[in-house]
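Asks: Residue numbers (my numbering), protein chains in the order written: chain A, 2 to 955; chain B, -8 to 252. Right, I'll just put the structure down here and ask away after.
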Amino acid sequence: MYSRIEVFLKNEFPDPLGNNIRSEIETSGFRGVTNVRVHQVYIIFGNVSKNTLNTIAIRLLADTITQDYQISDSGSGISDYGHHIVEISRKPGVMDPVEQSVLKALRDIGISIDGVKTAQKYIINGNISNETIRSIATKVLANAKIEDIFIYPETANYNHGNTQYSFKKQTLPLLDADNKQLEEISILGQLSLNLQEMQAIQRYYQSINRDPTDIELETIAQTWSEHCLHKTFKGIIDFNGNKIDNLLQNTIMKATKELNKPWCVSVFKDNAGIIQFDNHYNVCFKVETHNHPSAIEPYGGANTGVGGVIRDIMGTGLGGKPILNTDVFCFGIPDTPPDKIPKGVLHPMRIFKGVVAGVRDYGNRMGIPTANGAIFFDERYIGNPLVFCGTVGLIPKNKCQKEAHPNDLIVVAGGRTGRDGIHGATFSSAELHEQSEQTSGGAVQIGNAITEKTLLDVLLQARDKGFYSCITDCGAGGLSSAIGEMGQDLGALVNLERVPLKYEGLSYTEIWISESQERMVLAVPPEKEADILDLFKAENVEATVIGRFTNDKILRLFYNSQLVGEIEMDFLHKGIPRLERKATWHRPVFEEPALPEKKDFGTDLKKILSSWNVCSKEWVIRQYDHEVQGGSVLKPLQGIHNDGPGDACIVTPVLGSKKGIVVSNGMNPRYGDIDPYHMAASAIDEALRQIIAVGGSLEQVALLDNFCWGNTNKPDRLGSLVRAAQACYDIAIAYGTPFISGKDSLNNEFVTEKETIVIPPTLLISAVSVMEDVHNAVSMDIKEPGNLVYIVGLTRPELGGSHYYHIHGYKGNNVPKVDAVLGKKIMNTLSQATNCKIIRSCHDCSEGGLAIAAAEMAFAGGYGMILHLSAVATEGGIHRDDTILFSESNSRFIVEVRPEHQKQFEKLVKDIPYGLLGKVTPEPLLKIYGLNDKLIANENIYDLREEWQAPLRW
Amino acid sequence: MLVPKVLIIRTAGTNCDYETRYAFEKAGAKVDVVHINILLANRKLLKDYHILTLPGGFTYGDDISAGKILANQIKYNLEEDITAFINEKKLILGICNGFQTLTKAGLLPSINKNYQEATLTFNDSNKFEDRWVYLKVCSNKSIFIKDTDISIIYLPIAHGEGKFITKDETVLNTITTNHQIIFKYVNERGEEAGYPWNPAGSIQNIAGICDPTGQILGMMPHPERYVEPTQHPRWTRNGLKEWGDGFFIFKNAVQYVKTSF
């Protein structure tokens, strides 16, 4: 029994959402839709009188200034005015934050109902066939994986009420299974365990002479998943004949160990790395990926990706306060023709928009500024988009260590547990294929940012009152991983029936491995139980004691006092057989282009500026609140019109203090096609360049690594991973910048019946640094006519993997390399210069090289430049203008200096390669003279800006 | 000398409390950030304060519509207390989500008391936007901007539901003739202009209004995000001011309390 309340804008008001959807429909290639209006539908369950329904509508649901409403009973279904009517609602069990808010708001005004569900009703006008409407509904309006679609005259039917769960303890016949059966058990259970691992599990259960229960096997699968354990990085690798025992410890962690920086507080052990900030606080930083979920449901995938990494910070030490988000995406080409999209894949444009909306809605609601990011496009991401979500946190110096103790209570706090996200950990460790959406629908989730925000508000208070001894987030693997990790050296006893559920019907195993969002697990000393539960209650946050930690190193799981699982922690965490894999890498050879010499490079300049990877991302950036918390000192958009592309961002997390945090990132997958070693080296150099460009220094820079690779069971993929990791070690050591945290997401391959699409090897390097005085910050926009323009650093013939080659359809071989000894000298010198406050603007040369950097500085500043390539310091015999213009050699900067500081500046840089390129001019023209002093580019900066802004002006 | 006391209300989804507290403290006030549940359980608490502030954020996720659920909590539980608060000549400030809440609770423009006469609805662009805007100070009826020679200020907005609409022409005319329109969106030359200067498409470019007493101010732009000079998007070009354009709003409020209580 339910009633419908439909709320809609009065006719005299335009419907922005409707208009938006109409253009979405158009851009998706459907012609003929003239008008779309959207009704918000509330399904009110229970026997509720007409009067009450009216009260609900007037007092709560309808904004009577702009909206009307209409009440109908459950029978009437969808009323039939308008041309076509489509109603869409989330499938039962899929998170809908609005439902919870409505129930709360109704309680506030003293009305109780059985439940509520929301739906959107689209009234679509235009001369369109029913078939077209159906594909509009599935391709534009809804995601059938999480939403039900009703198209008039079908009547929407909603039922409330849940299937009951009847307890039955499940065991699996493992003891006498042969290899084939072992593999079947792994596949059927979506355990992503290989034969070697299944055999190890079998041997264990043979030794204790019983079959495992389903929950035990699931627990092992979660704990042993690539996602949770990083088997590849920690395994044994035979690389072209050399044995590497634990790649992570031999490269990335080794650099940190050898550098042994006193300001590194906690590295590679907690949910995030921690470095020192000021006398009261440290800073923690973590970057996660949420690739597979975002491929299947972009909004929910990105949404929960952000929510997840924020919880990493909330679960670092005894809990950090999130102060900054950074988001980096890799997508397929946005204008890919629909017929070129493989089966089972969403269009890149739709993934792009969905991901941005997901990040926006979560980050903005959490009140965390999203002030740094990047987007990279390549056709090979079409089946495997990459979504990197990072969060920086501020944590009191005395709250960085945590330890659970025997008899501490296990408390789960925050959101309730539902069936969402079952098998996320194991799913994210497998390849995607055409059927992934069916088999893994369960891995799709939607977040509820407000649940997480309320949880955060209480946790920070509880932390400061010392109400808990240990905390971690519920991420991949859910309670299974969280409690398994926390109790690793203790043992734990859990009563699964105590876990608060969103709805009935979950089995004990589903409760245990569900990846429902917005949950944290705490270890609470018994004497603090009452205090902490009261604190949660006071702010309407649910917190429940579900068990306790023990001291026998055994994990015991009960459901209504029946023992359903019993595993030794040692086997769970140490029992996994180590992977042994072959890796090989051979330098590929690409065609070396012989491009004709040119008299004018204006066209190439514009082509690169308007290419997907270089063009303005303002459309994305403005949808993120990048200023909340008030700390932004250097914003992502800079210059006279607030629209220039900034390098690193700077925030002051403690208002009133001049001490800042600088965050940047570096990535260039195209270099990886030529040599992953130089890709990794260049990514690190780029991240560091950005920090230097904004006035930072190498004094205290920490790095994070995020590897997204193809299937590393294949020796060539693994070989390229090894190359990249080796570069991470070499360059981190050379620059003196330790890694403090990292993550990998492997198996990013998409299998269609025709082919396997492998993503390019993608390494994201994120950097965080501490800046003593943010008043030294430098932006990238040129400031005053008459100022001098320098280039600092060496330009080499390094066009391999460059944007210049790309727009001409080539890759080439001469990939940019890093001379870290020189690079360090250059960066330290520039830091000195910014400390003397003689740098008016600075921009690093990266995508598109010198020419693009200069163009960006010019249109951001609103002035022109006259530049002479003959002044550029080069190496390796460069005789061509295009090489100097577009080479992407590392460790280079363009710098603006006032004439009165010329001597002082040139004295500072005398020992490093530099050249006086030219000067800033009042007339808005970018004039570049070639090696032979002939004019080779003469463009109006506003034409250049238009080229740069047009592609993503949506 | 009396230290003005500011009560910042927070609830699920409030998120500008930290910087709003900072702005008031910088202006010399003592600030408490209190959860709505505590105030609802003990309404007398309000009496201890001179300035009530509803900061920005997404209260209850802005589910249903921005600020609506908090507005109801206030309307149906705190109406008398707030009326008393105003009768004692005390001040109320609502920023962004706080403005949306005050409007939906009927506290702004409040020509007829406690009755919703306006709303803030979805941006014409139908998307959340963070950008800096120029604001013309149109009237000094509000105590928050009294006795200032400032005519144009520069502040950031960050919202998806900022389009100000009145119930009808009458309300619009009344707030105009009452000088209740405090801030209008303008371009850098001080002229009223369309998008993006008026980011949401508010009627008559309205960015902020006050009630007939001048004691309640609601505004979509964020004054608390420009109290420190380094918060300006172009300080690296134009140099550092002594303080940000938003600061005087907090200073005036604190000054008023110091002199009137």
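Every residue, glycine too, gets a C-beta built ideally from N, C-alpha and C.
#1: At what residues does the beta strand (DSSP E) containing Lys201 of chain B begin and finish?
#2: Under 9 Å Cβ-Cβ, which residues of chain B neighbour Arg366 of chain A?
#3: Give every residue of the same chain whose Cβ lies closer than 8 Å to the Cβ of Ile324 of chain A, excluding the five residues on either side of it in the sequence, and list them in chain order.
#4: According to DSSP, what are the bridge partners of Leu926 of chain A?
#5: Report yes or no: is there a C-beta of chain A within less than 7 Å of the C-beta of Ser56 of chain B?
#6: In angstroms with no decimal places, state the Cα-to-Cα distance between Tyr217 of chain B and Lys137 of chain B.
#7: Can you tell me whether DSSP reads Ala296 of chain A as helix, strand or coil?
#8: Under 8 Å, CB to CB, which of the residues in the stretch 19 to 32 of chain A have a partner in chain B?
#9: Which residues does DSSP pair with Met521 of chain A in a beta bridge?
#10: Just the chain B side, please: which residues come within less than 8 Å of Asp465 of chain A by C-beta, in chain order?
#11: Kindly list, in the order they appear in chain B, the residues whose Cβ is closer than 9 Å to that of Tyr943 of chain A.
#12: So, with DSSP's three-state summary, where would you put Glu438 of chain A?
#13: Could you pull the DSSP bridge partners for Gln71 of chain A from this structure?
#14: Closer than 7 Å, Cβ to any Cβ of chain A: which residues of the stretch 117 to 129 of chain B, in chain order?
#15: Can you give the Cα-Cα distance for Asn365 of chain A and Asp626 of chain A, rounded to whole angstroms?
#16: Just list the alpha helix (DSSP H) runs in the stretch 838 to 904 of chain A, keeping only unbroken ones of 4 residues or longer that don't cross its boundaries, in chain order.
#17: Based on Cα-Cα distance, which residue from A:Asp465, A:Leu460, A:Gly416 lies nearest to Ile447 of chain A?
#18: Using a Cβ cut-off of 9 Å, pull out every chain B residue sitting near Ala106 of chain A, in sequence order please.
#19: Could you check where the alpha helix (DSSP H) with Gln203 of chain A kicks off and where it finishes?
#20: Taking Cβ positions, are Leu927 of chain A and Met858 of chain A nearer each other than 7 Å?
#21: Answer yes or no: do Asn88 of chain B and Thr50 of chain B have a C-beta to C-beta separation smaller than 7 Å?
#22: Does the distance from the C-beta atom of Lys287 of chain A to that of Ala273 of chain A stay below 7 Å?
#23: Does Arg946 of chain A come out as helix, strand or coil in the three-state DSSP assignment?
#24: In this structure, how does DSSP classify Gln223 of chain A when only helix, strand and coil are distinguished?
#25: Should Arg23 of chain A go down as buried or exposed, given a rule of 16 or more other Cβ atoms within 10 Å for buried?
#26: In terms of residues, what are the limits of the beta strand (DSSP E) holding Arg91 of chain A?
#27: With 9 Å as the limit, tell me which residues of the stretch 622 to 645 of chain A have their beta carbon closer than that to any beta carbon of chain B; keep them in chain order.
#28: Mind listing the chain B neighbours of Lys784 of chain A? Cutoff is C-beta to C-beta under 7 Å, in chain order.
#29: Measuring alpha carbon to alpha carbon, tell me which residue in A:Glu217, A:Pro15, A:Gly47, A:Glu948 is nearest Asn36 of chain A.
#30: Go ahead and pull the three-state DSSP assignment for Arg690 of chain A.
#31: I'd like the span of the alpha helix (DSSP H) that includes Arg724 of chain A, first residue to last.
#32: Applying the 10 Å Cβ sphere with the 16-neighbour rule, what's the burial state of Ser441 of chain A?
#33: Between A:Glu498, A:His880, A:Ile134, A:Val8, which has its C-alpha nearest Gln563 of chain A's C-alpha?
#34: Taking the C-alpha atoms as reference points, what is the distance between Ile134 of chain A and Ala120 of chain A?
#35: Going by the DSSP bridge assignment, what does Tyr791 of chain A pair with across the sheet?
#36: Can you give me the Cβ contacts of Glu438 of chain A inside the same chain, cut-off strictly under 7 Å, excluding the 5 residues immediately before and after it?
Replies: Based on what the coordinates show:
#1: Looking up residue 201 of chain B in the second sequence gives position 210. Here the sequence assigns Cys to residue 201 of chain B, which means Lys is not the residue at that position. Looking at the DSSP string, the run of the beta strand (DSSP E) that includes Cys201 of chain B is 197 to 201.
#2: The count along the first sequence starts at 1 and reaches residue 366 of chain A at position 365. From the beta-carbon of Arg366 of chain A, the residues of chain B found nearer than 9 Å are Gly4, Asn6, Gly48, Phe49, Gly52, Asp53.
#3: Translated into the one-based positions of the first sequence, residue 324 of chain A becomes position 323. Apart from the 5 residues on each side of it in sequence, Ile324 of chain A sits with its Cβ closer than 8 Å to the Cβ of Ile369, Pro370, Val393, Gly394, Leu395, Gln630, Gly632, Val652, Pro654, Ile662 in its chain, given in chain order.
#4: By 1-based counting over the first sequence, the position of residue 926 of chain A is 925. In the DSSP output, where bridge partners are listed per residue, Leu926 of chain A has A:Asn941.
#5: Residue mapping note: residue 56 of chain B aligns to position 65 of the second sequence, counting from 1. The beta carbon of Ser56 of chain B sits closer than 7 Å to some beta carbon of chain A.
#6: Indexing the second sequence from 1 puts residue 217 of chain B at position 226. Indexing the second sequence from 1 puts residue 137 of chain B at position 146. So the two alpha carbons sit approximately 19 Å from each other.
#7: Working through the first sequence from its first residue, we reach residue 296 of chain A at position 295. Looking at Ala296 of chain A - three-state DSSP - the assignment turns out to be helix.
#8: Residues passing the 8 Å Cβ filter: Asn20, Asn21.
#9: Translated into the one-based positions of the first sequence, residue 521 of chain A becomes position 520. Paired residues: A:Ala414, A:Asp474.
#10: Start at 1 with the first residue of the first sequence, and residue 465 of chain A comes out as number 464. Neighbours of Asp465 of chain A on chain B: none; closest Cβ ~14 Å, over 8 Å.
#11: For the purposes of this step, residue 943 of chain A is identified with residue 942 of the first sequence, where counting begins at 1. Near Tyr943 of chain A there are no residues of chain B at all, since even the closest Cβ is about 17 Å away, more than 9 Å.
#12: Start at 1 with the first residue of the first sequence, and residue 438 of chain A comes out as number 437. Residue confidence for Glu438 of chain A is low, a pLDDT of 46 falling below 50, so the modelled location carries little weight; the figure read from the coordinates is stated next. Three-state DSSP puts Glu438 of chain A in a helix.
#13: Here residue 71 of chain A is taken as the residue at index 70 of the first sequence, counted from 1. Bridge partners of Gln71 of chain A: A:Glu7.
#14: Within the stretch 117 to 129 of chain B, Asn117, Lys118, Phe119, Glu120, Asp121, Arg122, Trp123 place their CB atoms closer than 7 Å to a CB of chain A, listed in sequence order.
#15: Within the first sequence, residue 365 of chain A is the residue found at index 364, counting from 1. Within the first sequence, residue 626 of chain A is the residue found at index 625, counting from 1. Near 6 Å, if we compare the C-alpha coordinates of Asp626 of chain A and Asn365 of chain A.
#16: Whole alpha helix (DSSP H) segments, 4+ residues: 850 to 862, 882 to 887.
#17: Looking up residue 447 of chain A in the first sequence gives position 446. The candidate whose alpha carbon is nearest that of Ile447 of chain A is A:Gly416.
#18: Here the question's residue 106 of chain A lines up with position 105 in the first sequence. The contacting residues are Tyr51, Asp54, Ile55, Lys59, Ile60, Asn63, Gln64.
#19: By one-based count along the first sequence, residue 203 of chain A stands at place 202. First-last of the alpha helix (DSSP H) with Gln203 of chain A: 196 to 208.
#20: Position 926 of the first sequence, counted from the first residue, corresponds to residue 927 of chain A. Position 857 of the first sequence, counted from the first residue, corresponds to residue 858 of chain A. Leu927 of chain A is not a Cβ neighbour of Met858 of chain A, given a cutoff of 7 Å.
#21: Taking the first residue of the second sequence as 1, we reach residue 88 of chain B at position 97. Taking the first residue of the second sequence as 1, we reach residue 50 of chain B at position 59. Yes, they are a contact pair.
#22: Mapped onto the first sequence, residue 287 of chain A falls at position 286. Mapped onto the first sequence, residue 273 of chain A falls at position 272. Going by C-beta atoms, Lys287 of chain A is nearer than 7 Å to Ala273 of chain A.
#23: Taking the first residue of the first sequence as position 1, residue 946 of chain A is located at position 945. Looking at Arg946 of chain A - three-state DSSP - the assignment turns out to be helix.
#24: The count along the first sequence starts at 1 and reaches residue 223 of chain A at position 222. If DSSP states are grouped into helix, strand and coil, Gln223 of chain A belongs with the helices.
#25: What you label residue 23 of chain A is simply residue 22 of the first sequence in a count that begins at 1. Result: buried.
#26: Within the first sequence, the letter at position 90 stands for residue 91 of chain A. From DSSP, the beta strand (DSSP E) with Arg91 of chain A extends over 85 to 91.
#27: Answer in chain order: Ile622, Arg623, Gln624, Tyr625, Asp626, His627, Glu628, Val629, Gln630, Gly631, Gly632, Ser633, Val634, Leu635, Lys636, Leu638, Gln639, Gly640, Ile641, Asn643.
#28: As a first step, residue 784 of chain A must be located in the first sequence, where it is residue number 783. Within chain B, the residues near Lys784 of chain A are Arg228.
#29: Counting from one through the first sequence, the residue named residue 36 of chain A turns up at place 35. Selection A:Glu217, A:Pro15, A:Gly47, A:Glu948 evaluated against Asn36 of chain A yields A:Pro15 as nearest (Cα-Cα).
#30: Start at 1 with the first residue of the first sequence, and residue 690 of chain A comes out as number 689. In this structure, Arg690 of chain A counts as helix in the three-state DSSP scheme.
#31: By 1-based counting over the first sequence, the position of residue 724 of chain A is 723. Residues 716 to 736.
#32: Indexing the first sequence from 1 puts residue 441 of chain A at position 440. Caution applies to Ser441 of chain A, whose pLDDT of 43 falls short of 50 and renders its modelled position unreliable; the model cannot decide the point.
#33: The residue labelled residue 563 of chain A in the question sits at position 562 within the first sequence. Closest option to Gln563 of chain A, Cα to Cα, is A:Glu498.
#34: The residue you call residue 134 of chain A lines up with position 133 of the first sequence. The residue you call residue 120 of chain A lines up with position 119 of the first sequence. Rounded to whole angstroms, the separation of the alpha carbons of Ala120 of chain A and Ile134 of chain A is 18 Å.
#35: As a working mapping, residue 791 of chain A is identified with position 790 in the first sequence. In the DSSP secondary-structure assignment, Tyr791 of chain A is bridged to A:Val896, A:Leu917.
#36: The residue labelled residue 438 of chain A in the question sits at position 437 within the first sequence. Note that Glu438 of chain A scores 46 on pLDDT, short of 50, meaning its location in the model is unreliable; the coordinates nonetheless yield the value given after this. Within the same chain, Glu438 of chain A has close Cβ partners Lys146, Ile297, Gly345.
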